Amino acid sequence: MDYLKLAEYFEELEKTSKRLEKTFIITKLLKDIIKEKDPELFINLIRGKVFPAWDERKIGVSDKIVIKALETSTGNSKEHINKLFSELGDLGEVAFELVKKKKQVTLQNVRLTVDLVYNNVRDLADLEGEGTVNKKIGLISELLTSATPLEAKFIVRLILEQMRTGAADSTLRDAIVWCFFSDKLRLSYEQSTNEFKLPDNNRKEYDLFVDKVQHGYDLTNDFAEVFKIIKEQGINALEKITLKAGKPINVMLYQKVKSVEEAFEVVGKNLALEYKYDGFRLQIHNNNGNILLYTRRLENVTKQFPDVVDLIKKTVKGENFILDAEIIGIDPVSHKWLSFQNISQRIKRKYDIEKLVKEVPVMVNVFDIISLNNESLISAPFVRRRNMIEKIVPNIPEKIQPAKQVVTDDIEAAKKFYEESLSLGNEGIMAKNLSGEYKPGSRVGYGVKIKPILDTLDLVIVKADHGEGKRAGWLTSFTVACQDSNGNLLEIGKVGSGLKEKEEEGTTFLEVTNLLKPLIISTEGKTVTIKPHVIIEVAFEEIQASNDSSSGFSLRFPRIVNLRSDKKVSDINYLDEIKITYDAQRGRNK
1 MDYLKLAEYF EELEKTSKRL EKTFIITKLL KDIIKEKDPE LFINLIRGKV FPAWDERKIG
61 VSDKIVIKAL ETSTGNSKEH INKLFSELGD LGEVAFELVK KKKQVTLQNV RLTVDLVYNN
121 VRDLADLEGE GTVNKKIGLI SELLTSATPL EAKFIVRLIL EQMRTGAADS TLRDAIVWCF
181 FSDKLRLSYE QSTNEFKLPD NNRKEYDLFV DKVQHGYDLT NDFAEVFKII KEQGINALEK
241 ITLKAGKPIN VMLYQKVKSV EEAFEVVGKN LALEYKYDGF RLQIHNNNGN ILLYTRRLEN
301 VTKQFPDVVD LIKKTVKGEN FILDAEIIGI DPVSHKWLSF QNISQRIKRK YDIEKLVKEV
361 PVMVNVFDII SLNNESLISA PFVRRRNMIE KIVPNIPEKI QPAKQVVTDD IEAAKKFYEE
421 SLSLGNEGIM AKNLSGEYKP GSRVGYGVKI KPILDTLDLV IVKADHGEGK RAGWLTSFTV
481 ACQDSNGNLL EIGKVGSGLK EKEEEGTTFL EVTNLLKPLI ISTEGKTVTI KPHVIIEVAF
541 EEIQASNDSS SGFSLRFPRI VNLRSDKKVS DINYLDEIKI TYDAQRGRNK
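Note that our numbering has the sequence shown beginning at 1, numbered continuously upward.
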C-alpha cells in the first residue's frame, strides 16, 4: 500500500471526534490491509508507533532535527519554519504547508510505500556514533523530499510520535472485532447518522469477542500480535496465548475503597491483607537468567537497577518467572522506608547509577506471581500464588521479601493491620480475595486498596501556564485531566501548589518544566498545550461540580503530591471513579 492511502485514513480519523466513526474508519483500514504481506505493521502505525511499548529502542528525534530536515527538503529558512510552527503549533501541519509550496525541485521522487516509511523510521533508532544527528536529518529529508503534503504531515507526526488521530486502544480493540465479526454478528454502522446497530440476541457474543481481544492485548501488549492470531488461528486461539518471560503484560489493577468495612463488602469475608507500600510497581522477569525489569508503564528500567538484577539472580528460586512487586527506598542511615518521591529519581537516572545505588538502596516486596517455570498462573487462585511466592522468594531484611501479609475474617484485626501499615509510612493496605485469579489490565473485585480519607487522584497534565516574577521561566500552573471509559481526556481544573523552588525541598517547578517543554504542542499567550504524558498525583479537599471543565468537576484546594513517572496515561483516574467519590462526599457532607 502507498503511504498516501494510509495518510488519507489518518486524515479521516483526525477530522472526526466521534468514537463510533473512528471505529468504523479503522475497521475499513483493517479490512483493506488484511491481505497485505505484513498487516501487523499497519496496526503499529495506527497507534502511532513503530516499536512495541516495551521495546527499548526509541526513535530519538527532536523538533529541532525535524525543523532542520524541513529546511533541507523544502528549501525554507529555519526562521520561516519556526514562525510557521509558532502559528500552527504542529510540525506535521508545518510540513504539509511547506511541501505544498516546496521550493526545491527534485528530478526523481521515490514512491513512498508503507513498508518503506515504516522501516526508514525504525532505522532512525539504530543510528548512533559520530554524525548521528546529520544521519537522522538526512534520512528524514529523503522521506520528505519524495512526500506529498499529506504524506509529509503524517511522516513528521509518526517520527515525533504525535499522530493526533485519536485512535485510542479501546477504539482499535473494537475495530478488530468489527473487522472480523461484523457479518457473523450482523453488526452495522451508518456513518451519516453515527448509528451503531447490533441485534439484541448477538450482544452477549459481541461483548465476549471484545473481552477476548482485550484479554489477548493485556497478555501481549501488542494489538498487532492479537490481529495476527485471530487472522491465522481464530479468536479462540487468544485464550491459548502463553506468557513469555521478558515480554511484559498489563498488570492487574485495584479499585479504591474508603474503609476496611467497605473492603469486606466488596472482596469477601475472609481476606488476605497486605501492606500498600509507598514505592513503585515493578514487573520482574527472569528468562533463564536474563533479568528484565519493567515499570507499570512498561518502560524497561533494568539498567537503572543493577542491584535488583543481582539480588534476583542470587536469591529467587526458579529459572523462568514473572513477578509483580513493589520497590521502596531505604534510608541507608536511619534504615527507615522512604517515600515514592525519594525513590523516583532512580527510575529517571541514566548516569551515575552506581552512586545512586548506594545513596538510595531499595527493598523488593513481592506481592504476586504471574508465571513460574513456563507455567501461567493467571488462572490460579491467589492463595496458591501466594504459597508459590513464599517458596521461591526469601525474606532478607531491607533487601527482598514476600509482601507483609495477614489473613483474617475479623474487621477489628484488619483495622489494626491498617493502622500498623500507616504508622510505618505506607499508603495503606491491600485487601485480596484468596480465590481471586490474576486479571491482567483489569480493575476487578478480586482486590481493593484502602487508603486514608485524604483523597488523591492520578491525573495527566494537558496544559500549563508560564510563571511570572521570580518564577518567570518556569511553568507554574497546570491544567489536568482524567479519562472517560473510552480513554478520552476530560479536564478537571488547574493545580499550582505543591511544587518547590529548591531541589532539596522536593519536586521542583524546574523539574516539571523540563519534563513538559519537549511535549509542548502549541502556545497561546502564556498558556501552552501539552502532549499528554506526564502524570501527577494530586491531593484535594473536595470534588466540586463545575460547568467550566469538560469533566463537569473541579478540585477544591488541589496540590501536587508526586510525579508519577511509573504510570502511563491509561492509568489515570476514570471519570466514573470521580463521580463515585463526589457522590460519597455529598453523602458525608449532608
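By construction, the Cβ of each residue, glycine as well, lies at the ideal position given by its N, Cα and C atoms. All values reported here derive from a predicted model rather than from experimental measurement.
Helix, strand or coil at residue i according to DSSP, with G and I counted as helix
{"i": "I34", "result": "coil"}
{"i": "V360", "result": "coil"}
{"i": "V114", "result": "helix"}
{"i": "P402", "result": "strand"}
{"i": "D455", "result": "strand"}
{"i": "R443", "result": "strand"}
{"i": "Y294", "result": "strand"}
{"i": "D571", "result": "helix"}
{"i": "Q283", "result": "strand"}
{"i": "Q341", "result": "helix"}
{"i": "E468", "result": "coil"}
{"i": "S170", "result": "helix"}
{"i": "F196", "result": "strand"}
{"i": "V393", "result": "coil"}
{"i": "R386", "result": "helix"}
{"i": "V301", "result": "coil"}
{"i": "E326", "result": "strand"}
Same chain only: Cβ atoms within 8 Å of residue i, ignoring 5 sequence neighbours per side
{"i": "K100", "result": "P149"}
{"i": "A167", "result": "L13, K22, I26, I46, R47 and G48"}
{"i": "T113", "result": "M1, D2 and Y3"}
{"i": "N373", "result": "G318, E319, N320 and F321"}
{"i": "Y206", "result": "V177, F181, L185, L187 and L198"}
{"i": "A413", "result": "V406"}
{"i": "L172", "result": "I26, I43, I46, R47 and F223"}
{"i": "I411", "result": "V260, E261 and F264"}
{"i": "F96", "result": "P149, L150, A152 and K153"}
Cut-off 7 Å between Cβ atoms - residues of its own chain near residue i, not counting five sequence neighbours on either side
{"i": "D458", "result": "I535, E537, R564, K567, D571, I572 and N573"}
{"i": "G447", "result": "Y254, V267, M430, A431, K432, N433 and G436"}
{"i": "Y582", "result": "I543 and F553"}
{"i": "I312", "result": "I284, N286 and I291"}
{"i": "T456", "result": "E537, V538, A539 and V561"}
{"i": "K500", "result": "G506, T507 and T508"}
{"i": "S376", "result": "T242 and L243"}
{"i": "V117", "result": "Y3, L143 and I155"}
{"i": "K78", "result": "I67 and E71"}
Contact set for residue i: own chain, Cβ-Cβ below 6 Å, skip 5 residues either direction
{"i": "I328", "result": "Y277, G279, W337 and M363"}
{"i": "K528", "result": "The displayed chain sequence assigns Val, not Lys, to residue 528. The answer, listed in chain order, is A464 and I520."}
{"i": "K31", "result": "C179"}
{"i": "D90", "result": "none"}
{"i": "N562", "result": "F340, Q341 and E537"}
{"i": "G493", "result": "S549, S554 and L555"}
{"i": "I81", "result": "I67 and L70"}
{"i": "E541", "result": "R556 and F557"}
{"i": "I392", "result": "V316, K317 and G318"}
{"i": "S477", "result": "D465, K494 and G496"}
{"i": "E398", "result": "I330 and M363"}
Through-space distance from residue j to residue i, alpha-carbon basis
{"i": "I530", "j": "L515", "result": "10 Å"}
{"i": "D183", "j": "K451", "result": "47 Å"}
{"i": "F367", "j": "I330", "result": "18 Å"}
{"i": "A263", "j": "E491", "result": "30 Å"}
{"i": "L208", "j": "F51", "result": "29 Å"}
{"i": "Q401", "j": "L555", "result": "38 Å"}
{"i": "R386", "j": "I137", "result": "52 Å"}
{"i": "A539", "j": "G496", "result": "12 Å"}
{"i": "Y189", "j": "F196", "result": "5 Å"}
{"i": "S421", "j": "Q405", "result": "11 Å"}
{"i": "W474", "j": "I347", "result": "23 Å"}
{"i": "I580", "j": "R443", "result": "15 Å"}
{"i": "D55", "j": "K231", "result": "24 Å"}
{"i": "K64", "j": "V316", "result": "46 Å"}
{"i": "V251", "j": "D218", "result": "8 Å"}
{"i": "P394", "j": "E239", "result": "33 Å"}
{"i": "V462", "j": "D484", "result": "15 Å"}
{"i": "V121", "j": "I159", "result": "7 Å"}
{"i": "L356", "j": "Q345", "result": "9 Å"}
{"i": "G467", "j": "V480", "result": "17 Å"}
{"i": "V257", "j": "K269", "result": "15 Å"}
Nearest-angstrom Cβ-Cβ length linking residue i and residue j, presumed shorter than 8 Å
{"i": "L282", "j": "T295", "result": "7 Å"}
{"i": "V308", "j": "L293", "result": "6 Å"}
Short CB-CB distance (under 8 Å) between residue i and chain B
{"i": "L499", "result": "Absent from the structure is chain B; it holds one protein chain and no more."}
What are the start and end residues of each continuous beta strand (DSSP E) run of 3 or more residues lying completely inside the segment 213–269, in chain order? Complete beta strand (DSSP E) runs here, min 3: 253–257.
Whole runs of the alpha helix (DSSP H) within the segment 55–143, excluding any shorter than 4 residues: Those alpha helix (DSSP H) runs which fall completely within the segment 55–143 and span 4+ residues are 63–74, 78–88, 91–100 and 114–126.
Could I get the ranges of all uninterrupted alpha helix (DSSP H) runs contained in the segment 512–551, with 4 residues as the minimum, in chain order? Taken in chain order, the complete alpha helix (DSSP H) segments of 4 or more residues contained in the segment 512–551 number zero; there are none.
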